[in-house]
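This report concerns only the one structure given below.
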Amino acid sequence: MYGLVNKAIEDMVCTNHGQEIWQEIKKIADLDLETFISMEGYPDDVTHRLVKAASEVLEISSAEIMQAFGEYWVKYTAQEGYGEMLAMSGDTLPEFLENLDDMHARVGVIFPKLQPPSFECEAATEAKSLKLKYHSHRQGLAPMVNGLVKGLGERFDTDVEITQTQKREQGSDCDEFLVEYQPRNR
Ligand code: HEM
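Per the numbering used here: the sequence shown = residues 2 to 187.
In structure tokens:
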């Protein structure tokens, strides 16, 4: 994955736990580089090793790390120069989720080797609920989607309940989520 992702993990760990813990995580992940370069591609294994090492050092599960990272990513990208791209992609949670593939297509102009995820969004018949299908070239990132949707809920001042309803690791063709949402104070 592009270095931007690993840099965001570094930023999240340093902000929440400090430099020393980050150095420890890097050591356990067996990474002896000084810094990540946002626009450079790194093997996915680097990201997986970081998540595993963070899980060991912080004594929380990898799924929880990925979920926290998903939430963090929404704010991180907004601060790191991609705010405009986020702003163009919708003014409400459902509108934004609908536009995720277009958004990553725009991201792909800047990151030409991007292997983006793909999302399908189906509005349910009941109000304020939708079905989100997540397709990926990669395995095991569903917990991150959980956090991403929560982070988007924060962005749009919207309470979100997200439940995974189908799992690729259990043989489904993709991961699927039920997203129930309620804009606050509206
Ligand atoms: C403007 C903001 C964003 C930027 C710049 C961005 C960029 C990226 C980049 C660089 C990757 C790594 C893929 C690779 O290197 O091949 C990625 C992956 C991913 N992004 Fe985004 N992204 C943004 C917002 C979002 C949001 C809001 C979501 C919410 C669902 C999202 C969902 C994902 C997922 C799930 C992956 C994992 C890739 C996979 O499944 O293979 N991204 N994105």
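Ideal placement from N, C-alpha and C gives every residue a C-beta, glycine not left out.
Less than 8 Å between the CB atoms is what I'm expecting for residue i and residue j, so what's the real figure, rounded?
| i | j | result |
| --- | --- | --- |
| F120 | K134 | 7 Å |
| G152 | V75 | 3 Å |
| A9 | Y73 | 7 Å |
| E181 | K129 | 6 Å |
| C122 | E155 | Not quite, the Cβ-Cβ distance comes to about 19 Å (not below 8 Å), so this is no contact. |
Taking all protein chains shown into account, decide if residue i is buried (16 or more other Cβ within 10 angstroms of its Cβ) or exposed.
| i | result |
| --- | --- |
| P44 | exposed |
| A124 | exposed |
| A106 | exposed |
| A55 | buried |
| K27 | buried |
| I163 | buried |
| G91 | buried |
What do you reckon, is the C-beta of residue i under 8 Å from a heavy atom of the ligand PLP?
| i | result |
| --- | --- |
| T93 | Within the structure as shown, the ligand PLP is missing, the only ligands being the ligand HEM. |
Are the beta-carbon atoms of residue i and residue j separated by less than 9 Å?
| i | j | result |
| --- | --- | --- |
| M89 | V108 | no |
| L94 | V161 | yes |
| V139 | D158 | Note that residue 139 corresponds to Arg in the displayed sequence, not to Val. Taking 9 Å as the Cβ cut-off, R139 and D158 do not qualify as a contacting pair. |
| T78 | G71 | no |
Taking residue i as the reference, give the member of the options with the closest Cα.
| i | options | result |
| --- | --- | --- |
| E35 | E41, I29, G42, Q24 | Q24 |
| Q116 | Q20, E127, G42 | G42 |
| G19 | M40, A30, V58 | V58 |
| P118 | D103, E127, G91 | D103 |
| I2 | E127, D46, I26 | The question names Ile, but residue 2 is Met in the sequence shown. Of the candidates E127, D46, I26, the one whose C-alpha sits nearest the C-alpha of M2 is D46. |
| P113 | V6, M40, Q167 | M40 |
| A127 | G84, G82, Q183 | Going by the sequence as given, residue 127 is Glu instead of Ala. Considering only alpha carbons, the answer is Q183. |
| S137 | K168, G82, V110 | K168 |
| F37 | N7, E96, G172 | N7 |
| E60 | E96, I111, I22, F97 | I22 |
Notebook entry, point to check: Is the number of C-beta pairs between the segment 169-185 and the segment 133-150 that are closer than 8 Å three or more?
Noted result: yes
Check: Touch check for the segment 10-28 and the segment 37-53: three-plus C-beta pairs under 8 Å?
Finding: yes
Notebook entry, point to check: Three or more beta-carbon pairs under 8 Å between the segment 144-160 and the segment 54-74, yes or no?
Noted result: yes
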